[in-house]
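Peer 1:
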Amino acid sequence: TGKQQSILGFFSKT
Amino acid sequence: MLEARLDTANLFKSAVDAIKDLVQDCNFDCNDSGIALQAMDNSHVALVSMMLKAEAFSPFRCDRNIALGVNLTSLTKVLRAAGRDDTLTLKAEDAPDVLNLVFEATAQDRISEYDLKLMDIDQEHLGIPDTEYAATISMPSAEFKRITTDLMAMSESVTIEATKDGVKFSSTGDIGNGSITLRQHTPVDKPNETVEIELSEPVALTFSLKYLTNFCKAQPLSNQVKLCLSAEVPLMVEYGLEGGSYLRFYLAPKIGD
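Line by line, the protein sequences are chains H and A. Per our numbering: the first sequence = residues -1 to 12. Per our numbering: the second sequence = residues 10 to 266.
#1: Can a CB atom of chain H be found closer than 8 angstroms to the CB of residue 136 of chain A?
#2: Using the DSSP secondary-structure output, state which residues sit across from residue 249 of chain A in a beta bridge.
#3: Within 8 angstroms, do at least three Cβ pairs link the region 90 to 109 of chain A to the region 10 to 24 of chain A?
#4: I want to see whether chain H comes within less than 8 angstroms of residue 133 of chain A, judged by CB atoms only; does it?
#5: Is there a Cβ of chain H sitting closer than 8 angstroms to that of residue 49 of chain A, yes or no?
#6: How is the beta strand (DSSP E) around residue 179 of chain A delimited, first residue to last?
#7: Go ahead and label residue 171 of chain A buried or exposed: buried means 16 or more other beta carbons lie within 10 angstroms of its beta carbon, across all protein chains shown.
#8: State the CB to CB distance for the pair residue 44 of chain A and residue 78 of chain A, rounded to an integer number of angstroms; the pair is presumed to be in contact (CB under 8 angstroms).
#9: Touch check for the region 212 to 219 of chain A and the region 233 to 243 of chain A: three-plus C-beta pairs under 8 angstroms?
#10: Does any C-beta atom of chain H lie closer than 8 angstroms to the C-beta of residue 217 of chain A?
#11: Out of A:178, A:59, A:120, A:124, point me to the one whose CA is closest to residue 160 of chain A's CA.
#12: Leaving out five residues on either side along the sequence, give the residues of the same chain with a beta carbon under 7 angstroms from the beta carbon of residue 127 of chain A.
#13: Check whether the Cβ atoms of residue 269 of chain A and residue 232 of chain A sit closer than 8 angstroms, and answer yes or no.
#14: For the alpha helix (DSSP H) holding residue 19 of chain A, just list the boundary residues, first then last.
#15: Per DSSP, what are the beta-bridge partners of residue 62 of chain A in this structure?
#16: CA-CA distance, residue 95 of chain A and residue 154 of chain A?
#17: Locate the alpha helix (DSSP H) running through residue 87 of chain A, then write down its first and last residues.
#18: Tell me, please, which residues DSSP counts as bridged to residue 96 of chain A.
#19: Less than 8 angstroms separating the beta-carbons of residue 151 of chain A and residue 92 of chain A?
#20: By Cβ distance below 7 angstroms, which residues in the same chain neighbour residue 228 of chain A in space, the five residues on each side in sequence not counted?
#21: Quick one: does residue 56 of chain A have its CB under 8 angstroms from some CB of chain H?
#22: Hey, residue 253 of chain A and residue 62 of chain A: beta-carbon distance below 8 angstroms or not?
#23: Hey, quick one: how far does the beta strand (DSSP E) through residue 186 of chain A stretch, first residue to last?
#24: Give the secondary structure of residue 9 of chain H by DSSP, where H, G and I count as helix, E and B as strand, and everything else as coil.
#25: Tell me, which residues are paired with residue 198 of chain A by DSSP?
Have a look at this one:
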């Protein structure tokens, strides 16, 4: 059912 | 210093209860606009973003930025001592070692007071980009909980597909497959049962049910939940609270193979 992505791949550290 | 009073402890109890299994140690960031919290789960798959606006409290006072580093398991232990209808007052000094919590049951003239030790938490803040979502689904929060629980019995993942015809939740597992489709539904007399689908383009994404069922612990906070989806970006699940306060969860999708 697909590979679990990380939230860090979408939201950048500020 | 911080001083923030809630008419009923219920809101804070339920909010902490909803996130305590997802995140353990986090900062409550207090300033004059309210109390905010942002934290990722350990595996960096989900993000919690909570905003309790100053207007939710009466009175609310916070002169400068204060970060309250809290262990949520410990906070839960203290909050268990608060009655749902007690008033709750949070107090902290400017550079606090402890968070002071006072629960008052006015009818019984009973006052309980706790100091919770705080910790230094070096927290990474993530910038959440403003997103024009392809689909926004508003639905009863109890329905969302039922769907995630039911499909969890079939599979560890769910595909959420929004089209002009409705929103379809489907799962395929070892024992077979299952799906639930909801169509737009706006009963005049029962606004809490409304299902609303705003769609700019059809979208289908797959998510882990383990996380979604976890988010559903926020169900007591709001009768309605909002799901916002766009292709290949995290799902946003929002429980709206009174006066623009909110509890939001972001969940990274499962993509490809």
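Think of the CB as a built atom: it goes at the ideal place given N, C-alpha and C, for glycine as much as any other residue.
Peer 2: Well, looking at it:
#1: yes
#2: DSSP lists A:255 as partners of residue 249 of chain A.
#3: Yes, they touch.
#4: Cβ-Cβ to chain H under 8 angstroms: yes for residue 133 of chain A.
#5: yes
#6: 175 to 182
#7: buried
#8: That pair is no contact at about 13 angstroms.
#9: yes
#10: yes
#11: A:178
#12: Around residue 127 of chain A: 77, 78, 79, 105, 106, 107, 108.
#13: In this structure chain A extends from 10 to 266, so residue 269 of chain A is not present and cannot be described.
#14: Its alpha helix (DSSP H) spans residues 19 to 28.
#15: A:43
#16: 28 angstroms
#17: 81 to 88
#18: A:113
#19: In this structure, residue 92 of chain A does not lie closer than 8 angstroms to residue 151 of chain A by Cβ.
#20: 150, 151, 154
#21: yes
#22: yes
#23: Residue 186 of chain A -> beta strand (DSSP E) spans 185 to 191.
#24: Residue 9 of chain H: coil per DSSP, three-state reduction.
#25: Answer is none; residue 198 of chain A lacks a bridge partner.
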